[in-house]
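Position in the sequence shown counted from 1, then plus 1379, gives you our numbering. Think of the CB as a built atom: it goes at the ideal place given N, C-alpha and C, for glycine as much as any other residue.
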Amino acid sequence: MNVILFGPPGAGKGTQAKNLVKQLNSFQISTGEMLRDEIQKNSEIGKKIVEDMNDGRFVSDEIVNSLIEKVISDPGKKNKLIFDGYPRSLTQAKNLDKLLIKTNQKINFVFFLNVNKETIIKRIKQRKTIENRSDDDLNTIVKRYDKYMETTKPVLEFYSKNSNFFELDGSTKVEEITAKINTFINV
Ligand code: AMP
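Now the structure itself:
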């Protein structure tokens, strides 16, 4: 089963992705993690993206798409993909469609975790204390939220027409959201 978790930064995509990975014995595909890895390795990609990441800007579709292609084409991960933070633009969504067709796969569920700005700011402030992420200062948080809402609107429209799209209230308790997701995926 392949699942997309969609929603602004701090909506709980990562937490729900980890639950799904356990339940479905699948893989969390977090482009944010992959990009942070590149920065840590100080790779060519890492050097190119560090400023965008720290300023809360999206990394170019070209770079993100190139990272994601390897994962989707990995036979060991076929139909075991839990997307957390991808796709984030219409170009990425269309790229994903193409890669899925090429590898004979499809998306079974798209869950939109919808949360308002105030809740997001509160949550990311908490996460900052725990994980100490350099992109988590308040200015960046607001920029990331606004940028996310602006850029992902077309992506939301792209997926929301389909019958496998479900909007969930992301401001409720983690366990409640997990339970709802489980009802849909039937585990
Ligand atoms: P995340 O860990 O998903 O909150 O992502 C952290 C940061 O990584 C974002 O603010 C973006 O700068 C970058 N990023 C992650 N995923 C993507 C993506 N699919 N497209 C563009 N930039 C991304």
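Whose C-alpha, out of the options, is nearest the C-alpha of residue i?
i            : options                   : result
residue 1495 : 1450, 1527, 1559 and 1408 : 1527
residue 1549 : 1392, 1381, 1380 and 1382 : 1392
residue 1522 : 1387, 1382, 1380 and 1381 : 1387
residue 1510 : 1425, 1448, 1412 and 1552 : 1412
residue 1464 : 1508, 1552, 1456 and 1444 : 1444
residue 1524 : 1420, 1435 and 1421       : 1435
State the beta-bridge partners of residue i as determined by DSSP.
i            : result
residue 1545 : 1490
residue 1409 : 1463
residue 1382 : 1461 and 1488
Confirm, please, whether the CB-CB distance from residue j to residue i is below 9 Å.
i            : j            : result
residue 1399 : residue 1407 : yes
residue 1395 : residue 1503 : no
residue 1519 : residue 1433 : yes
residue 1389 : residue 1500 : yes
residue 1490 : residue 1403 : no
residue 1451 : residue 1479 : yes
residue 1493 : residue 1446 : no
residue 1381 : residue 1458 : yes
residue 1564 : residue 1483 : no
residue 1456 : residue 1405 : yes
Who are the Cβ neighbours of residue i in its own chain at under 8 Å, not counting the five residues just before and after it?
i            : result
residue 1440 : 1468, 1470, 1471 and 1474
residue 1530 : 1437, 1467 and 1468
residue 1517 : 1500 and 1504
residue 1485 : 1381 and 1479
residue 1534 : 1385, 1466, 1467, 1468, 1469, 1471 and 1472
Which residues in the same chain as residue i place their Cβ atom closer than 7 Å to its Cβ, once the five residues preceding and following it in sequence are excluded?
i            : result
residue 1428 : 1414, 1417, 1418, 1438 and 1442
residue 1448 : 1478
residue 1424 : 1417 and 1442
residue 1553 : 1391 and 1394
residue 1397 : 1407
Taking 9 Å as the CB-CB cut-off, is residue i touching chain D?
i            : result
residue 1496 : The displayed structure is made up of one protein chain only, and chain D is not part of it.
Could you name the residues of the same chain whose beta carbon sits closer than 6 Å to that of residue i, not counting the 5 residues immediately before and after it, in chain order?
i            : result
residue 1538 : 1489 and 1544
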